[in-house]
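Going letter by letter, the sequence shown gives residues -25 to -1, 1 to 241 in mature numbering (1 follows the signal peptide of the UniProt record, and there is no 0).
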Amino acid sequence: MGRTSSPAIAVVAALLLTTIMMASAYSSYQPSSDWQDGSATFYGDDSGLGADFGGACGYGASDIASLYSTYTAALSTPLFADGNGCGRCYEIRCASSRWCNPGSPSVIVTGTNLCPPNWYLPSDNGGWCNPPRQHFDMAPPSFYRLAARVAGIIPVQFRRVPCARPAGGVRLCLQGNNYWLLVYVMNVAGGGDVGGLAVKRAGDPDCNYVQASHNWGITFQVFGALGNKQGLVFKITSPQQTIVVDDAVPAWWTTGLCYQGSNNFY
């Protein structure tokens, strides 16, 4: 007769497994050890949902709702980094303001939009997103977790953190045609950002990868006669690691649709 484990041993084993899995999930990207100073405001509809919260990066209303919910922020120019900052995650906490909520709680948001500079206003009086300010224009529900609405603008401390993506693998939305492909890369875990992308037809050797170039926001463009009789394989590189997504885009794929794989930067 086989041996049975006691409930206590089972609980300890489960906790140990969870700890190992969490360590593995976050080993590829570590947050900055130091908090930086910045500021935060809020914008848009009080729901925190809609295309207004993702336009400059390339996220649509359905992408915001299904992948990022109300935990988003528009980034000032230094943080937006010509679109390379799209998808990065930041932990933000209210600092030194009488409007901070009790305990100065923090919230983790994804950068999904640009907060453009306003050169008609001084940086300390309305031009909150003017460089070199590090500023977060947050979705209202996220801002309200930090401070009261009446505050308007608050000083914050922030640090970059790993992105947890409970929605699963990387999502790839395709535009263009069989010869010029525009790929929107979403739901990226780990560092949250994408440093490079290459694509080939399923079944082709690795030497057939076609390197993509960054277009704008979260988009990469591929010039090549890929056709759609075969599925597509994507090699995606973040500043921390490289993954292959080979189960997202099937044969007879079409532009105008989004496809999601099982792999991510865990």
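No residue lacks a Cβ here, since even glycine has one placed at the ideal position from N, Cα and C.
Taking a contact to require three or more Cβ pairs closer than 8 Å, the segment 112 to 119 and the segment 35 to 52 qualify as touching.
Taking 8 Å as the upper bound for CB-CB distance, V145 and N238 are in contact here, some 7 Å apart. With a contact defined as Cβ atoms closer than 8 Å, V136 and I83 qualify at about 6 Å. When the five nearest sequence neighbours on each side are left out, the beta carbons in the same chain lying within less than 6 Å of the beta carbon of A36 are those of G25 and A26, in order along the chain.
Between the segment 69 to 79 and the segment 139 to 157 there are fewer than three inter-stretch CB-CB distances shorter than 8 Å, so the stretches are not counted as touching. In the DSSP annotation of this structure, the continuous segment of the alpha helix (DSSP H) that includes R120 starts and ends at P115 to L121.
N153 is the residue among N153, V160, G165 and P97 whose C-alpha sits nearest the C-alpha of Q205. Counting every other CB atom within 10 Å of its CB across the protein chains shown gives N105 a total of 16 or more, marking it as buried. Annotation: the continuous beta strand (DSSP E) that includes T212 extends over L207 to T212. DSSP, read as helix, strand or coil, puts A36 in helix.
Under the three-state reduction of DSSP, F240 is assigned to coil, being neither helix nor strand. The DSSP assignment places complete beta strand (DSSP E) segments of no fewer than 3 residues inside the segment 97 to 153 at 110 to 113, 129 to 136 and 146 to 151, in order along the chain.
Taking a cut-off of 8 Å for Cβ pairs, the segment 49 to 69 and the segment 89 to 108 touch, as three or more such pairs fall below it. Comparing alpha-carbon positions, the option among N183, P214, V174 and F133 lying closest to V197 turns out to be V174. Sequence-distant Cβ neighbours of T212 in its own chain, meaning closer than 6 Å and more than five residues away, are G170 and G171. Per the DSSP secondary-structure output, A173 pairs in a beta bridge with Q186 and K210. The alpha-carbon separation between T230 and F195 amounts to approximately 14 Å. A200 and Q150 have their C-alpha atoms spaced approximately 14 Å apart. Residue environment for L147: buried (at least 16 other C-beta atoms within 10 angstroms of its C-beta). Relative to the Cα of Q132, the nearest Cα in the group S81, P225 and T85 belongs to S81. Of the other Cβ atoms in all chains shown, 16 or more fall within 10 Å of the Cβ of Y43; this residue is therefore buried.
Under the DSSP assignment, F17 falls in the beta strand (DSSP E) whose first and last residues are Q11 to F17. Judged by DSSP in its simplified three-state form, Y46 adopts coil rather than helix or strand. If you ignore the 5 residues before and after G30, its C-beta comes within less than 7 Å of the C-beta of N88, all in its own chain and listed in chain order. Assigned with DSSP and collapsed to three states, A223 falls in strand. In the DSSP assignment, the residues bridged to C75 are A122. Put simply, of G236, W227, L232 and A15 the residue whose alpha carbon is nearest the alpha carbon of Y119 is A15. Looking only at H110, G165, N183 and W155, the smallest Cα-Cα distance to D12 is reached by H110.
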